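> Residue numbers (this note's numbering): 1 to 423.
Beta carbons are placed, not taken as given, at the ideal position from N, Cα and C, and that holds for glycine.
Note that the coordinates shown come from a computational prediction; the quantities given were computed from them, not determined experimentally.
(1) Measure the beta-carbon distance from residue 365 to residue 378 and round it to whole angstroms, keeping in mind my assumption that it falls under 8 Å.
(2) Alpha carbon to alpha carbon, how far is residue 302 from residue 106? Give it in angstroms, no decimals.
(3) So does the segment 141–150 actually touch the segment 71–85, counting three or more Cβ pairs closer than 8 Å?
(4) Terminal residues of the continuous beta strand (DSSP E) containing residue 227?
(5) Give the straight-line distance between the Cα atoms of residue 3 and residue 57, rounded to the nearest whole angstrom.
(6) Taking its Cβ as the centre, do 16 or more other Cβ atoms sit within 10 Å of residue 218, making it buried, or is it exposed?
(7) How about the segment 233–248 and the segment 264–279: do they share at least three Cβ pairs that are nearer than 8 Å?
(8) Does the Cβ of residue 315 have 16 or more other Cβ atoms within 10 Å, making it buried, or fewer, making it exposed?
(9) Just the Cα atoms here: how many angstroms apart are residue 172 and residue 150?
(10) Could you compute how far the alpha carbon of residue 359 sits from the alpha carbon of residue 170?
(11) Curious, which full-length beta strand (DSSP E) runs of at least 3 residues does the segment 35–103 contain?
(12) At the level of alpha carbons, what is the spacing between residue 345 and residue 373?
(13) Is residue 120 helix, strand or coil when you go by DSSP?
(14) What distance in whole Å lies between the Cβ atoms of residue 401 and residue 1, which are believed to be in contact at a cut-off of 8 Å?
(15) Out of 292, 390 and 285, which one is the CA nearest neighbour of residue 86?
(16) Output needed for residue 295: all residues of its chain with C-beta closer than 7 Å, excluding positions within five of it in sequence on either side, in chain order.
(17) Tell me, which residues are paired with residue 153 by DSSP?
(18) Which value, in whole angstroms, describes the spacing of the CA atoms of residue 250 and residue 260?
(19) Look up residue 379 in the DSSP assignment and give the residues it is bridged to.
(20) State yes or no: is the C-beta of residue 256 within less than 8 Å of the C-beta of residue 139?
(21) Where does residue 250 fall in DSSP's three states?
(22) How many angstroms separate the CA atom of residue 9 from the CA atom of residue 286?
(23) Measure the C-alpha to C-alpha separation of residue 318 and residue 333 and round it to an integer number of angstroms.
(24) Would you list the one or two residues that DSSP bridges to residue 276?
(25) How big is the Cα-Cα spacing for residue 238 and residue 185?
(26) Check whether the segment 379–395 touches the segment 205–215, counting contact only when three or more Cβ pairs, one atom from each stretch, lie closer than 8 Å.
(27) Can you check whether the CB of residue 328 is closer than 8 Å to the CB of residue 15?
(28) Assign residue 425 to one of three DSSP states: helix, strand, or coil.
(29) Check whether the Cβ atoms of residue 121 and residue 236 lie closer than 8 Å to each other.
(30) Quick one: what's got a C-beta closer than 6 Å to residue 141's C-beta in the same chain, skipping five residues either side?
(31) Using the C-alpha atoms, what's the distance from residue 408 back to residue 393?
(32) Please specify which runs of the alpha helix (DSSP H), each continuous and at least 4 residues long, are wholly inside the segment 292–347, giving them in chain order.
(33) By Cβ distance, which residues of its chain are closer than 6 Å to residue 361, with the 5 residues on each side in sequence left out?
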């Protein structure tokens with residue numbers, strides 16, 4: 001009997017555990033390790049930040065649902081990975097041996113990259129439900145005050161830009177519904193070289209569509225923005241030219257700020273020699289397997305992939321839902337093959353698919369492959385995306401409680417778009 005340990009219980013780790021159980025059956029042991037005892041549906045955090053959802057609606061206890069599928073759960077932080085001896089050292093003082101390790105930790109939110117950023121300083125994020133709740137507290141105070149400015153954007157080295165646009169437009173919609181949009185300004189600051197770049201070099205007419213949407217909502221922007229530091233109520237931003245020289249220095253005043261931070265590898269993962277790149281992301285081959293440690297696989301945001309292109313201010317490439325789902329499926333079948341003494345053959349699909357809510361409408365994009373030139377570059381806007389995002393939230397939470405490993409993207413979204421299974 002082999003022991004497969006899944007490190008992380010997010011939108012990659014939980015489905016991975018369920019799919020491992022379905023594929024491997026009950027003849028092997030599966031354990032999930034996570035420092036929190038609850039699962040959170042991260043895509044709904046922007047709704048929490050404006051009061052459209054609360055914590056109970058987008059979280060669930062982990063152990064209760066894993067044990068129903070005969071999957072063990074350890075509520076502890078991993079402090080060290082002893083990759084040479086296939087062992088984890090945990091914050092509760094225990095050690096855990098493994099035959100296979102699937103790293104799905106997600107990223108460390110690296111607020112230290114920009115002085116003064118983070119919920120403990122002068123900015124917020126929507127990367128966790130707790131951070132979203134902290135934004136909500138300051139947001140409510142601003143609305144009570146009746147006037148002011150909200151700064152929204154993404155810092156240098158950020159790699160997930162969609163939520164910044166999503167959040168700006170959700171806030172715009174919420175303020176309009178409250179009849180105070182005319183009193184509260186929104187400013188957008190991003191490290192992208194242009195609006196709609198999305199860390200992907202643009203997709204279809206994402207630049208034109210998103211610029212039009214931002215103008216229509218009266219949200220001015222600064223692109224090529226190197227955010228240098230934050231002080232109380234003020235951001236110091238260098239706007240760069242395409243050659244990297246400084247075009248203009250900005251001091252952007254705000255009452256409340258939500259800036260997506262740069263990502264870094266979590267400490268226990270980043271510290272393993274030969275496992276990660278310099279920013280702590282797990283290096284993998286085409287089979288999602290680490291080249292140095294053959295019994296370690298990785299999926300999700302913690303995986304090292306190169307940026308789509310060099311940009312004046314560093315930007316990373318996003319790992320979206322379909323890509324993560326595809327990574328997980330490839331890993332599960334590769335572990336199955338390895339257990340059978342076969343060569344691993346499965347590869348993930350490097351495609352980007354995202355549904356972004358805009359409060360009263362939404363935008364969806366599909367890029368196949370993620371890095372251009374592409375076979376498919378599709379970007380559409382419409383109220384159907386807003387409704388699809390709500391439906392996806394409800395579906396995914398039910399799926400996690402049911403313990404299902406059904407491939408949502410292939411069975412639902414791609415068919416809706418008229419795209420066959422991606423190869």
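The short version:
(1) 6 Å
(2) 5 Å
(3) no
(4) 225–231
(5) 33 Å
(6) exposed
(7) no
(8) buried
(9) 10 Å
(10) 4 Å
(11) 38–40, 59–61, 72–75, 78–82, 87–90, 95–97 and 100–103
(12) 25 Å
(13) coil
(14) Wrong, their Cβ atoms sit about 27 Å apart, outside the cutoff.
(15) 292
(16) 86, 99, 100 and 101
(17) 189 and 259
(18) 19 Å
(19) 365
(20) yes
(21) strand
(22) 23 Å
(23) 24 Å
(24) 282
(25) 21 Å
(26) yes
(27) yes
(28) In the structure as shown, the chain starts at 1 and stops at 423, and residue 425 therefore has no counterpart that could be examined.
(29) no
(30) none
(31) 12 Å
(32) 321–339
(33) 383 and 386
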